[in-house]
Structure formats: C-alpha cells, structure tokens
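Positions in the sequence shown are counted from 1; adding 25 to them yields this note's numbering.
What follows is a set of notes on a single structure, which appears directly below.
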Amino acid sequence: MTNTKEISVRLAGQVSLGKELSVNRLGFGAMRLTGEGIWGPPKDRKAALSVLRRAVELEVNFIDTADSYGPHVSEELIAEALFPYPKGLVIATKGGWNRPGPNQWTHDATPAHLREAVEGSLKRLRLDRIDVYQLHTPDPVVPFEASVETLAELRSQGKIRLVALSNVTREHIERARKIVPIVSVQNRYSFADREWDYVVDYCESHGIAFIPWFPLGAGKAAGDVLDEIAQAHRATPKQVALAWLLRRSSIMLPIPGTSSVAHLEENVAAATVHLTDEEYEKLAEVPELVASR
Numbered sequence: 026m027t028n029t030k031e032i033s034v035r036l037a038g039q040v041s042l043g044k045e046l047s048v049n050r051l052g053f054g055a056m057r058l059t060g061e062g063i064w065g066p067p068k069d070r071k072a073a074l075s076v077l078r079r080a081v082e083l084e085v086n087f088i089d090t091a092d093s094y095g096p097h098v099s100e101e102l103i104a105e106a107l108f109p110y111p112k113g114l115v116i117a118t119k120g121g122w123n124r125p126g127p128n129q130w131t132h133d134a135t136p137a138h139l140r141e142a143v144e145g146s147l148k149r150l151r152l153d154r155i156d157v158y159q160l161h162t163p164d165p166v167v168p169f170e171a172s173v174e175t176l177a178e179l180r181s182q183g184k185i186r187l188v189a190l191s192n193v194t195r196e197h198i199e200r201a202r203k204i205v206p207i208v209s210v211q212n213r214y215s216f217a218d219r220e221w222d223y224v225v226d227y228c229e230s231h232g233i234a235f236i237p238w239f240p241l242g243a244g245k246a247a248g249d250v251l252d253e254i255a256q257a258h259r260a261t262p263k264q265v266a267l268a269w270l271l272r273r274s275s276i277m278l279p280i281p282g283t284s285s286v287a288h289l290e291e292n293v294a295a296a297t298v299h300l301t302d303e304e305y306e307k308l309a310e311v312p313e314l315v316a317s318r
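As structure tokens, then:
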C-alpha cells in the first residue's frame, strides 16, 4: 500500500474559494465522526478528536460539516478538538436540513430557520464569522430565492464570509449567483456516478469549487476496474477513486470522511497516486460499463 508516513494534502495542490480563500485540494468531511445513523455522539469520542487533530497535522485546512450531523455533534467535536483554530483553517458548515432521528432528514430552509441555524453554528464552532456557509439542499416548499437571499443578508451582516450550495442543479446555481457570489457546490459525484458532470463543467468554467461527496463508486464493474488499477499502484481502491477526482478538474475539492486515523492517513496518501491517461479513461468509462450490464 502507499506509504503514509511522509504525506500531506499539499501534494494535491490548492483550490480557490471565491478568490478570497485558498485551501489544499483534499479536505475532510466530518459527518462520520458522529454516532451510528449520523445521530448522537461517537462511540469513541477520544478517537474522533484524534482524527480531527491528525487531519490538521497532515495539513488539511478545509473541514466540511453541518448542523444536522448529530445533530450539532460534528460541529461541537470540531471546536473541542481544534479551537483555537490554526491559522488558515477553513470550516465550512451547512444549514437547511434537519436530523430528527437516526438516518432521517427533514427540510427546513425557511429564512427564520436559516438565521437560527447560522447563530447556532457560530456558537458551537466558537466563531464570530463562518468562512463558508452552504445551503444544505433546496427546500421544496420554500422559494429557493428566499433561502439564498437570507444567506446573502447574513453575509452582509458579517456572520458569513462566503456563500455556497449543496445538492443543486445548474439552474439553482445560476439563480443563486444573481443574488450573491457562490464559491462552491457540493453534490454526489465519483468516477462511477457522473450524474452531475455538467455541473462540474459549469463550476470549472466559472471558477467555482466543486466538492464531491460519496467519492467511491458502487457495483461489481466499478470494483473490478478499481481493484485492477489499485494493484498496479500498490494503492487502495479508495485512493485510486480519490486520485481520479483530483485529476478530473482543478476545481475539485474531495472531502473523504472517516472516524479512523489510519483511514484518514490512507485517504490523504491518495495525493501521491498519479493515474496514467489510460487508467483515468478506463475509470471514466465505468458508468457506461455498469449501464451495459
């Protein structure tokens, strides 16, 4: 397997967030630090805190979370582990989706809720201003513009530095950009799941960072191709999947999450995996391969 002793996410390069902030192009997703079903505290709080501290040691300077992870647990763990925060660390959080129970989600992107959510995140993260605040997902019963306008107002009040979106279409991004600059978009995406290819392309053409979640493809066909390429690089399948994302676009900002220091180090080491053109294309063809089976 790839050596993880001398590793740093700096090897993945950097990406700009609204030309205001620059972060290393492998971040950390803090959702999995919570309890089972993304509910309640972790089984091993000490281990969760260790993962966050090790991430910063490996020069991860972009941590993604949300008020609904736990709920509140992920944000509280970040503050407990890392406050006072090291210079240059960017914490991106989200609001507009609630967590009423294990593996349950409910929408609430009303202006009143978003204002309350931002205040709660500021308090839990011990911040005066949130660097990147993402609308977690459009609310089907709340006008999208009303949600985005609320975030724009909170930005003008100095409570949010940069506004971002998650789980959106190109149309959502275009509508939002008429109200406030959008610095990043977070959608489900991997070499084997390319529904949002056109959104990646749009983001690339407009200098918007793209944050893929669920970076591992599913299915036997995807697994077979991954395993073959991973063996050639003496790497893990997940490292290869992350390496593909990093190569896909310079605006790509993967945020693999884990509750294990060993897995964290393995993910960061993906920055040392360099795919050949042939390997990159072979992985890119997986969705067609899966569809034909």
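Note that beta-carbon positions come from the ideal geometry of N, C-alpha and C, so glycine has one too.
Straight-line measurement puts the Cα of P163 at about 6 Å from the Cα of F169. Between L77 and L102 a beta carbon distance of about 7 Å is seen, short of the 8 Å cut, so the two are scored as contacting. In this structure, DSSP gives S285 a state outside helix and strand, which the three-state scheme calls coil. Per the DSSP secondary-structure output, V40 pairs in a beta bridge with V48. The beta-carbon distance between P67 and S284, rounded to whole angstroms, is 6 Å. This is short enough to meet the 8 Å contact definition. An exposed status is given to D69, since fewer than 16 other beta-carbon atoms sit within 10 Å of its beta-carbon. Apart from sequence neighbours up to five positions away, the residues of its chain that approach R154 with a beta-carbon distance below 8 Å are L147, G183, K184, I185, R186, ordered along the chain. For K119, there is no enclosing alpha helix (DSSP H); the residue is found in the beta strand (DSSP E) stretching over 115-120. Separation of the CB atoms of P125 and T118 is rounded to 19 Å, and the pair is thereby denied contact status at 8 Å. Per DSSP, Q182 lies in no beta strand (DSSP E) segment and is marked neither H nor E. Taking every protein chain shown into account, the CB of H231 has fewer than 16 other CB atoms within 10 angstroms, so this residue is exposed. Separation of D133 and E174 (C-alpha to C-alpha, rounded to the nearest whole angstrom) is 15 Å.
Here Q211 is buried: its Cβ has 16 or more other Cβ atoms, across all protein chains shown, within 10 Å. In the displayed model, W64 falls within a strand according to three-state DSSP. As for any beta strand (DSSP E) of minimum length 3 sitting wholly inside the region 216-254, the runs are 234-238, ordered along the chain. Residue burial is scored here from C-beta neighbours: P312 has at least 16 other C-beta atoms within 10 angstroms and is therefore classed as buried.
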